[in-house]
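Chains as they are written, first to last, in this note's numbering: chain F, 1 to 308; chain D, 309 to 830; chain S, 831 to 1112.
Worksheet for the structure shown next.
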Amino acid sequence: MIGYLVQRLAHLVWVLLAVSVLVFLLIHLSGDPVRLLTPLDARPEDVERVRRLYGLDQPLPVQYLRFLRDAARGDMGESFRFSRPALELVLDRLPNTALLAATTIALTVGVGIPVGLWVGARAGSLADWAVSLVTFVGISLPSFWLGVLLILLFADRLRWLPASGFESPAYLVLPSLTLAVYTTGLITRLVRADVLEVLRQDFIRTARAKGLGERVVLSRHALRNALISTVTVLGLQLGNLLGGSVVVETVFAWPGVGWLMLQGIQTRDLPVVRAVVLIVGALFVLVNLAVDLLYLSLDPRIRYDHGR
Amino acid sequence: MSDGTARPRLTRRDFLKGTAVLAGTGLAADALRWQLLAAPGAAIQPVGNLLIVQGVDAESLDPHVTTSGASKGMMWAMYDKLLERGPDMRIIPWLATSYRVVNDTTWEFRLRDDVYFHNGEKFGAQHVRDTIARFKSPTIRNVYAGQLRPVRDVEIVNPLTVRIHTDGPFALLAEVLSIYCEILPRAITAGEVDPARRAIGTGPYRFVEWNPGQRMVMDFAERPHFSGQPRVRRLVWRPVAESATRVVELKTGAAHLITPVDPIQIPELEATRNVDVITFRQLSSQIVVLNSLKVRAFQDARVRQAMNYATDVDTLIRTVMRGAAYRLASAFGPGIPGYDESLRPYPYDPDRARQLISEAGFPTGFEVTLVTPEGRYLNDRLASEAIAGMWSRVGVRTRVQVSDWSPFVQGVLGKTHDAFFFQQVGVLLDATVAINFDSDRKGAAWQGYHNPEANRLIQDAIKTMDANQRNEMYKRLNQIIYREGPWVFLWNQQGVYAKQKRVQGWEAHTDGIIRLGGIRLS
Amino acid sequence: MVVSATPRPRPRRRRPPQFYAGAAILGAVVAVAVFAPWLSPHGYADQDLLRSLQPPAWVRGGEWRHPLGTDRLGRDLLARLMFGARVSIAVAALSVLIGGGLGTGLGLAAGYFGRWVDRLTSRLIDIQLSFPPVFIAIAIMAALGQSLPKLVLVLAFVSWVQYARIARANTLAVREREFVLAARALGAAERRILLRHVLPSILPPLLVVGAVNISSVILAEAALSFLGLGVQPPTPAWGSMVSEGRTVQSLAWWTTVFPGMAIATLVVGANLLGDGLQRERE
């Protein structure tokens, strides 16, 4: 177990290295960052001077090695766009995205799993049809469209809720609602599918045949197995949310890392993009690790034969 | 309204005397009212929180590093320059109460007394010297450092007078100092305080905090400012990228003043109670640049003229821009030196266009890719698509290519776009014409246009100390550009601000930058 | 006792209605996409500046010439919706086929064979999962420019992981199941085991993943278009139509509502189909 953990953490390090190289190449090969920072009417000598000040005149490998050296000291460079340490910008915004993600997940799990279990046990019933209909609509709506419509209704017409930014908890409502509609629908349907799948399987039939109550059958066997896929998908979705549903953050001007990432790429703000990717990446891998550990605890039959 | 109407000696006279001479005209009344020289002791109690929402955030807290109009608005609440611009964009005294040209290479500035930085330092000549030195310093990421390159040194005559010595005649020093070079305290220029972390200026508001991409907060400075500010207790600046969202913020009261506003939302705003809409004619020119290095046909002036005839600008303004634009006859609009109101806009004449193209040797037309950014300029993509349709009708088969800003800029610099939808021209004309039309210099936006007379005019103008003569040269340049059409002349966009009615005492500037003026919340 | 000469026919397994409903919707959209040039009343790039922002025909001010109204440049909205379907369909179909095939194959191999195959696949999955799919897609499209092939590959690239994870996890679970062990004990070939026993066993959740994936690819393409990272103009895409309509949404609701409804409809179709498939297996 410990060996497994250590191995996974070692993974983390070299995954991050690989990712940092990719980001580096992506930004550099796709356009000149300096030219985006300098207005067109700046004189060429000023542009070159600025390029030197940013250290962008060095050959790529040198730049990358300098980054590694600095990163080891905790210095991820200064944002080209905001003249602030990139790390600081990311850490400032990460809680906002995490809050949005957490709220969305809470809504999703709190509504999706119970409902999914409930209709899974009543497949074919009217309730099942009704829920199916609602979840269909839920996972079919483009989030940006839903967000725009929600703003139009609740902020513009009704004036109940604010449209953008994050100044108080009320600002959290519309963005998380927008995100939660999709994920809740998704999880509800997935849980339902898992429940149905599990109910079909032999050992459930056996348990039923033994005369155990429906409820016992569900809770002891079905739930546990249903959760495997759910946890997987939740883990993936959490990543999406952690990364900052870029679109929702754009629509609602939510000060999270998703928006930071998008505008970082568009302005070729290398330090910021790098910092976002690495930090979010590290978090994500850790979350995956947690997900896998959950697997192990949920289904002891799965064995990992790494290296055997 | 161009400087050309002023008599030559006006720039050498005491500026306050100058405004007294013009007192009879509305212009001077504006300038005077806007200066609001408050008597010391006549302190007005600042009241309220003013929420300003713009499209982008500042690039830095360090004023010398900032470049966008939005950030200048924020900086100039906390920092002052030697000179400023009134709502009509005329130069007005600010930290310098007057200036004069002593000789071809020397300017003298009289400085305002009784001005203090937020950290207590009293403003004086040494601050001007140190700030200019820092502005030009190669260790600062100041992309405009070259603007003050001709400044050789700053001589301190007495604590309230400086003389700036230049290498050769630097005709535009006053103009430059009314836009650049915010004055910094010793604490910053001596390196004790990092201006990217903390702002210390002489402005009416002092820095509280900055959350990049989210909000910048300023509180009123204890001392009353010579402009009559501060009249508001707290300023909060927020960036919101979408125009539609900015409008919603204004309607819900989460913002008191917003800019820019997509003109298509003007009717909606006008129908909203408690909201005022302020429109003005922007200074910058919206154009299509024709690259004669890449497209052989564009080397012929007849073809370029044809492109102007082929573009139905009035219909574009009416439909795509919904009337929120002012037709440009030539390269420069009113308010820019060199504006010539006698030049008539090219009429829409597709037949003439076809004829000219044919005469130039392209009877079957030719192909062009029109490149446009998306969301950078108002209706850029829509306008480009419409223009492409118009050009195709006269035989210039045009394809639109929408480009992300970065590759777009690369293409402009690399001169690889056939033609592109663009915006140029600002308050400081010399920079614009130099990078666009001078084939000796081959500047950033230059796309192959070559005319020796234009080069001569451009290069001589910046050395001409006499404003009147200089403006005549720009006028001649404008006439040449008009005839030779390296650009397709489209419009000046309508700038739109929207504010809640309780925001009073404020006037819009035609460069689109927010200057506080007498702003207050009632 | 009379014994019937003809055996009683076995009741045919009827597909659930969702399946047909979904297939019908998808079929309709595909048909519209394919036959757009013939079905559409106008070209998608035909501008009519004098008829800019005209409302749908049934609203005052509209005309039947433009049944769903026009956009800012006077282009017919119905035409643009029809041609926009092409982008959505093409991107969805190709991305899911490529991504799904790749992901299932790798996941199956990893789960079944273990050892270096599993290590390699897991490592790939980890790297991939290091940052969320939306990021990758946005990053690549924003940095390297837009085009249809790039869009398809990028979306396939971010999709395969879902298939791989589920396939692997379920393969691991199934691998030790009685019937698999039995088949192995009987000496059956690996490939046969994989195809005949393991794959069918892990397919149900994978099909759900697939159905979800089609719809999420459609939504991702719409989101990318909304952000301006989709296909080049003047080719219309439903997502970019919503984006264009945002500024005028108070004035001209049809420019945002109809494209959004189109996206939702297509996704509903995909989901119905998937759901139908899933119910069928029950």
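Ideal Cβ positions, reconstructed from N, Cα and C, are used throughout, including at glycine.
Remember, predicted model here, so these are calculated numbers, not experimental data.
Which residues in chain S sit within 8 angstroms of residue i, going by Cβ to Cβ distance?
i, result
"Q266(F)", "A972"
Please list the partners that residue i has in chain D, where partner means a Cβ-to-Cβ separation under 8 angstroms.
i, result
"R895(S)", "Result: empty, since nearest Cβ-Cβ is about 17 angstroms, beyond 8 angstroms."
Along chain F, which residues have their Cβ under 7 angstroms away from the Cβ of residue i?
i, result
"V556(D)", "I151, A155, D156, A163"
"P1034(S)", "E197"
"V1098(S)", "F136, S140"
By alpha-carbon positions, which one of the options ends up nearest to residue i?
i, options, result
"V926(S)", "V982(S), W894(S), R998(S)", "V982(S)"
"D292(F)", "L938(S), D956(S), R945(S)", "D956(S)"
"P697(D)", "D620(D), R612(D), I496(D), V423(D)", "The question names Pro, but residue 697(D) is Gly in the sequence shown. Per the Cα distances, D620(D)."
"V19(F)", "R122(F), L296(F), L283(F), V277(F)", "V277(F)"
"V583(D)", "D570(D), I572(D), A563(D), L591(D)", "A563(D)"
"D819(D)", "L481(D), P760(D), G428(D), L737(D)", "L737(D)"
"G476(D)", "N466(D), A482(D), P458(D)", "P458(D)"
"L186(F)", "V1038(S), A939(S), A1050(S), I970(S)", "V1038(S)"
"W799(D)", "L390(D), I586(D), P653(D)", "P653(D)"
"I572(D)", "W814(D), Q812(D), I827(D), Y805(D)", "Y805(D)"
"I1031(S)", "V864(S), V1097(S), R1005(S), L1102(S)", "The sequence shown places Ser at residue 1031(S), not Ile. Answer by Cα proximity: R1005(S)."
"Q848(S)", "L146(F), Q201(F), S132(F)", "S132(F)"
"E682(D)", "P715(D), S650(D), A433(D), L664(D)", "P715(D)"
"A967(S)", "V1087(S), R1014(S), L1054(S)", "L1054(S)"
How would you list, in chain order, the residues of chain S whose beta-carbon sits under 7 angstroms from the beta-carbon of residue i?
i, result
"A694(D)", "Q877, L879, L903"
"G697(D)", "Q877"
Cβ closer than 9 angstroms: which chain S residues qualify as neighbours of residue i?
i, result
"P175(F)", "Neighbours of P175(F) on chain S: none; closest Cβ ~15 angstroms, over 9 angstroms."
Closer than 9 angstroms by beta-carbon distance: list the chain D residues that pair up with residue i, in chain order.
i, result
"G1081(S)", "Note that residue 1081(S) is Leu in the sequence shown here, rather than Gly. Those within 9 angstroms of L1081(S) in chain D are I572, Q573, P575, E576."
On the premise that residue j lies in contact with residue i, defined as a C-beta separation below 8 angstroms, what is that separation, rounded to the nearest angstrom?
i, j, result
"T1085(S)", "D901(S)", "5 angstroms"
"F528(D)", "V540(D)", "7 angstroms"
"R35(F)", "V717(D)", "6 angstroms"
"V676(D)", "W699(D)", "7 angstroms"
"P114(F)", "L270(F)", "That pair is no contact at about 45 angstroms."
"R420(D)", "T439(D)", "No, R420(D) and T439(D) are not in contact; Cβ-Cβ is about 15 angstroms, not under 8 angstroms."
"A831(D)", "A614(D)", "No answer is possible for residue 831(D): it lies beyond the span of chain D, which begins at 309 and ends at 830."
Which chain D residues are close to residue i, counting only those with a beta carbon under 7 angstroms from its beta carbon?
i, result
"R159(F)", "T560"
"T1077(S)", "S551, A552, D570, I572, Q573"
"A253(F)", "V548, A549, T553"
"S882(S)", "T627"
Under 9 angstroms between beta-carbons, which chain F residues line up against residue i? List them in chain order, please.
i, result
"V569(D)", "Simply none; closest approach about 15 angstroms."
"V1042(S)", "I139, L186, R189, L190, V233"
"S1045(S)", "I139, S140"
"T1086(S)", "W145, V148, L149, L152"
CB of residue i to nearest heavy atom of the ligand NAD: below 7 angstroms?
i, result
"R1007(S)", "Among the ligands in the structure shown, none appear at all, so the ligand NAD cannot be discussed."
By the criterion of Cβ-Cβ separation under 8 angstroms, what are the contact partners of residue i in chain F?
i, result
"T740(D)", "D41"
| Stretch-stretch touch, CB-based, cutoff 8 angstroms, three pairs: the segment 360-368 of chain D with the segment 541-549 of chain D | yes
| query | Is it true that the segment 790-802 of chain D meets the segment 767-782 of chain D, where meeting means three or more beta-carbon pairs spaced less than 8 angstroms apart? | reply | no
| said: Taking contact to mean 3 or more Cβ pairs, one atom from each stretch, closer than 8 angstroms, check whether the segment 84-104 of chain F and the segment 50-68 of chain F are in contact. | reply: Between the segment 84-104 of chain F and the segment 50-68 of chain F, the count of Cβ pairs shorter than 8 angstroms is below three; the stretches do not touch.
| Contact the segment 247-260 of chain F vs the segment 39-46 of chain F: 3+ CB pairs below 8 angstroms | no
| query | Taking Cβ-Cβ distances below 7 angstroms as the criterion, which residues of the segment 81-106 of chain F are in contact with chain S? | reply | none
| field | Interfacial residues, the segment 443-459 of chain D to chain F, with Cβ spacing under 9 angstroms | value | P446, T447, I448, R449, N450, V451, Y452, A453, G454, Q455, R457
| said: Check whether the segment 868-877 of chain S and the segment 897-913 of chain S touch, using three or more Cβ-Cβ pairs below 8 angstroms as the test. | reply: yes
| field | Residues of the segment 35-69 of chain F with Cβ closer than 9 angstroms to any Cβ of chain D, in chain order | value | R35, L36, L37, T38, P39, L40, D41, A42, R43, P44, E45, D46, V47, R49, V50, R52, L53, Y54
| said: With a threshold of 8 angstroms, are at least 3 pairs of Cβ atoms found where one atom belongs to the segment 927-936 of chain S and the other to the segment 988-1003 of chain S? | reply: yes
| message | Under 7 angstroms, CB to CB, which of the residues in the segment 998-1009 of chain S have a partner in chain F? | response | A999, L1002, A1003, E1006
| said: With three or more C-beta pairs closer than 8 angstroms as the rule, is the segment 629-640 of chain D touching the segment 384-391 of chain D? | reply: The segment 384-391 of chain D is not in contact with the segment 629-640 of chain D.
| query | Looking at chain S, which residues of the segment 656-690 of chain D have a Cβ within less than 8 angstroms of any of its Cβ atoms? | reply | E682, G683, N687, R689, L690
| Taking Cβ-Cβ distances below 7 angstroms as the criterion, which residues of the segment 706-719 of chain D are in contact with chain S? | V708, Q709, V710, D712, P715
| request: Could you name the residues of the segment 620-643 of chain D whose beta carbon sits closer than 9 angstroms to any beta carbon of chain S, in the order they occur along the chain? | output: D620, T623, L624, R626, T627, V628, R630
| field | Selection of the segment 268-279 of chain F by Cβ proximity to chain D, strictly under 8 angstroms | value | R268
| request: Could you name the residues of the segment 356-390 of chain D whose beta carbon sits closer than 7 angstroms to any beta carbon of chain F, in the order they occur along the chain? | output: E367, S368, D370, V373, T375
| message | Between the segment 425-440 of chain D and the segment 491-502 of chain D, can you find at least three pairs of beta-carbon atoms closer than 8 angstroms? | response | Taking one beta carbon from each stretch, the segment 491-502 of chain D and the segment 425-440 of chain D have 3 or more pairs nearer than 8 angstroms; the two touch.
| the segment 9-16 of chain F / the segment 277-290 of chain F touching (three or more Cβ pairs under 8 angstroms) | When Cβ pairs closer than 8 angstroms are counted between the two stretches, the segment 9-16 of chain F is seen to touch the segment 277-290 of chain F, the count reaching three or more.
| query | Does the segment 1101-1110 of chain S touch the segment 164-177 of chain F, meaning 3 or more C-beta pairs lie closer than 8 angstroms? | reply | no
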